[in-house]
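Undergrad: Counting in our numbering, the final residue of the sequence shown is number 198, and the numbers go up one at a time with none missing.
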Amino acid sequence: MFCPHVYRRASIPTACTDVLLDEGSLRVNHGKGRKSRLVPIERIAAGELKHYLLERGNLEHNALWVNLDNQPFLPGGIRTMIARYCQTAKIDDIQCSCYTFRHTYAKKYLLNGGDVFTLKSIMGHAQIETTEMYVELFASDLQAQHEKFSPIEHLAEVLHLLPESEVKSK
Numbered sequence: 029m030f031c032p033h034v035y036r037r038a039s040i041p042t043a044c045t046d047v048l049l050d051e052g053s054l055r056v057n058h059g060k061g062r063k064s065r066l067v068p069i070e071r072i073a074a075g076e077l078k079h080y081l082l083e084r085g086n087l088e089h090n091a092l093w094v095n096l097d098n099q100p101f102l103p104g105g106i107r108t109m110i111a112r113y114c115q116t117a118k119i120d121d122i123q124c125s126c127y128t129f130r131h132t133y134a135k136k137y138l139l140n141g142g143d144v145f146t147l148k149s150i151m152g153h154a155q156i157e158t159t160e161m162y163v164e165l166f167a168s169d170l171q172a173q174h175e176k177f178s179p180i181e182h183l184a185e186v187l188h189l190l191p192e193s194e195v196k197s198k
């Protein structure tokens, strides 16, 4: 699960009725700050959730995440599952947690061209400053993004001011 909705205090969304596949979104009722909001869901994740819901079937409760006995996950269930997967994958050189998934999602979202304002809403932050502090880009990422989006570099290419060897290497 590579989505920003998973936070250490909750396994979000928590109810089947929070999955709005037709709208392409998830209802987050108990996110950070106890705010309710709708967040977009990726097509791949939506497809996997649809498959999961079919596999889960109809139960006597509305809990989305269930264990092998079809009982609702305990509050730390997602954390435990992520820790187990990371241990199985022998990921031991970084902290492997819901928080790490959120940070990684935010960073990749921005590196793929997403804007910080939309990311703020997806992450559920009240202040843009929280989102800005949340994402730390490595120096190489900053350099690559700068070269990709620099207005001066772009203008130099358009006006053919760069030597041909530099244009081809981009």
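Beta carbons are placed, not taken as given, at the ideal position from N, Cα and C, and that holds for glycine.
All values derive from a computational prediction rather than experimental measurement.
With DSSP as the reference, identify every bridge partner of Leu81, one or two as the case may be.
TA: What you label residue 81 is simply residue 53 of the sequence shown in a count that begins at 1. None, per the DSSP bridge assignment.
Undergrad: Can you tell me the Cα-Cα spacing of Pro179 and Arg55, whole angstroms?
TA: Here residue 179 refers to the residue found at position 151 when the sequence shown is read from its first residue. Here residue 55 refers to the residue found at position 27 when the sequence shown is read from its first residue. If you take the alpha carbons of Pro179 and Arg55, they lie about 38 Å apart.
Undergrad: By the three-class DSSP mapping on this structure, what secondary structure does Ala43 have?
TA: Locating residue 43 in the sequence shown gives position 15, counting from the first residue. DSSP places Ala43 in strand when its eight states are reduced to three.
Undergrad: With distances taken Cα to Cα, identify the nearest neighbour of Pro68 among Asp46, Arg84, Ala117, Asn86.
TA: If you number the sequence shown from 1, residue 68 lands on position 40. It is Asp46 whose Cα lies nearest to the Cα of Pro68.
Undergrad: From the DSSP secondary-structure annotation, give me the bridge partner or partners of Leu48.
TA: For this step, residue 48 is matched to residue 20 along the sequence shown. Per DSSP, Ser53.
Undergrad: Judging by CA-CA distance, which residue of Ser149, Leu139, Ala134 is the nearest neighbour of His174?
TA: Looking up residue 174 in the sequence shown gives position 146. Nearest C-alpha to His174: Leu139.
Undergrad: Could you give the DSSP three-state label for Pro100: helix, strand or coil?
TA: Locating residue 100 in the sequence shown gives position 72, where the first residue counts as 1. Note: Pro100 maps to strand in three-state DSSP.
Undergrad: Using the rule of at least 16 other Cβ atoms within 10 Å of the residue's Cβ for burial, across every protein chain shown, is Tyr127 buried or exposed?
TA: Start at 1 with the first residue of the sequence shown, and residue 127 comes out as number 99. With fewer than 16 other Cβ atoms within 10 Å, it is exposed.
Undergrad: Is any heavy atom of the ligand ZN found at a distance shorter than 7 Å from the C-beta of Leu102?
TA: With respect to the ligand ZN, the structure offers nothing, as it holds no ligand at all.
Undergrad: So does the stretch 181 to 188 actually touch the stretch 155 to 164, counting three or more Cβ pairs closer than 8 Å?
TA: Too few Cβ pairs lie closer than 8 Å, so no.
Undergrad: If we ignore side chains and look at the alpha-carbon of each, how far apart do Leu48 and Ala91 end up?
TA: If you number the sequence shown from 1, residue 48 lands on position 20. If you number the sequence shown from 1, residue 91 lands on position 63. Looking at the two C-alpha atoms, the distance is approximately 15 Å.
Undergrad: Pull up the CB-CB distance for Cys124 and Ile110, whole angstroms please, since I reckon it's below 8 Å.
TA: What you label residue 124 is simply residue 96 of the sequence shown in a count that begins at 1. What you label residue 110 is simply residue 82 of the sequence shown in a count that begins at 1. Confirmed, about 6 Å.
Undergrad: Taking just the CA atoms, how far does Cys44 sit from Phe145?
TA: Here residue 145 is taken as the residue at index 117 of the sequence shown, counted from 1. Here residue 44 is taken as the residue at index 16 of the sequence shown, counted from 1. Cα-Cα distance, rounded: 28 Å.
Undergrad: Below 7 Å CB to CB, which residues in the same chain sit around Ser39 once its five sequence neighbours on both sides are set aside?
TA: Taking the sequence shown and counting its residues from 1, the one referred to as residue 39 is at position 11. Legend: pLDDT at Ser39 = 39, less than 50; position of this residue unreliable, no value from coordinates given.
Undergrad: Given a threshold of 16 other Cβ atoms within 10 Å of its Cβ, counted over all protein chains shown, does Ala172 qualify as buried or as exposed?
TA: Here residue 172 refers to the residue found at position 144 of the sequence shown. So Ala172 counts as exposed.
Undergrad: What is the residue span of the beta strand (DSSP E) that Pro202 lies within?
TA: Only positions 29 to 198 of the chain appear in the structure, and residue 202 is not among them; the question remains open.
Undergrad: Any idea if Lys148 is buried or exposed, counting beta-carbon neighbours within 10 angstroms, 16 or more meaning buried?
TA: Position 120 of the sequence shown, counting from 1, holds the residue named residue 148. It counts as buried.
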